[in-house]
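Under the numbering used here, the very last position in the sequence shown is 228; numbers go up by exactly one each time.
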Amino acid sequence: MRIPEKPWWQYRWYLRPFFWNQRRKYGQVLKSALLWGRSPRVFLGVASLYGALERKSSPLEPALRSLVSLHVAQLNACRFCVDINSALLEARAGSSSKSEALPRWRDSGVFSEREQAALGYAEVISRGEFPVSEELTRRLHGCFEDDAIVELTALIAFQILSRADSRASSASGSARAGPCAPRRRRRARSLPGRASPARGAAPVTTA
């Protein structure tokens, strides 16, 4: 038995601005949001974490966050997350050079020492290769303050949720593209109590 999406009117009213924000940003609501939305408190927790990681005062610069997110999405084989994070990285970095060179990041001269340390750490965490080696630990501390390493770890963990989304496809009924994927387009239907999307509302995707 698979877990279906709920009808619009059965979602809590305070989740609707998030859904409207996704429609504005992606053209439609993501399956992951509709599935997380079945548990409103979990949904808000995921949204709050996303907002904290993407705040302007983050010790991790926007382009670096997108670079790490893209790499984790590639490791997780989440196609939708790769597409979203590739576009965001190119917008933040000002070119596609880093997204194109990412599969060869160790041998490419495109990435800074700071970026290489973050990418290496993302691979170790994503693959569950614990404990982190002393060499990598020293490299991280040479490039990041302690608080930034904590945030980098949280960012990687957040993106690893896309793996959980993909592996949950057999239970969610999203076997082809995974719950991160947009829903199939349907005829437009107005939501009860339609409201404007909240500014800066998190997409609640693991992309």
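Idealized CB from N, CA, C, for every residue including glycine. If you're wondering where the values come from, they're calculated on a predicted model, not measured in any experiment.
Check, Outcome
"Which whole-angstrom value describes the C-beta separation of L81 and L157, a residue pair presumed to lie in contact below a C-beta threshold of 8 Å?", "Contact flag wrong, Cβ pair sits at about 17 Å."
"Please determine if the segment 34–44 and the segment 52–68 are in contact, where contact requires at least 3 C-beta pairs separated by less than 8 Å.", "yes"
"Please name the residue, chosen from S118, G163 and L70, that lies closest to G130 on a Cα-to-Cα basis.", "S118"
"If you run the structure through DSSP and keep just helix, strand and coil, what is L173?", "helix"
"Given this structure, state the Cα-to-Cα distance separating V153 from H92, to the nearest angstrom.", "18 Å"
"Using alpha carbons as the reference points, say which of F179, K52, D168 and E121 lies closest to I24.", "K52"
"Should V89 go down as buried or exposed, given a rule of 16 or more other Cβ atoms within 10 Å for buried?", "buried"
"Leaving out the 5 sequence neighbours to the left and right, which residues in its chain are closer than 7 Å to K77 when beta-carbon positions are compared?", "none"
"Which residue wins for smallest C-alpha separation from I170, given the options L182, E150 and G141?", "G141"
"Mind checking which residues open and close the alpha helix (DSSP H) that includes I24?", "That residue, I24, is in no alpha helix (DSSP H); it is neither H nor E in DSSP."
"Between L96 and E172, how many whole angstroms is the CB-CB distance? I'm expecting something under 8 Å.", "The Cβ separation is near 19 Å, so there is no contact."
"Below 8 Å on the Cβ atoms is my contact criterion, and I expect Q31 with A94 to pass it. Report the Cβ-Cβ distance as a whole number of Å.", "In fact, because the Cβ distance is near 30 Å, the residues do not count as touching under 8 Å."
"Quick check on DSSP: helix, strand or coil for L51?", "strand"
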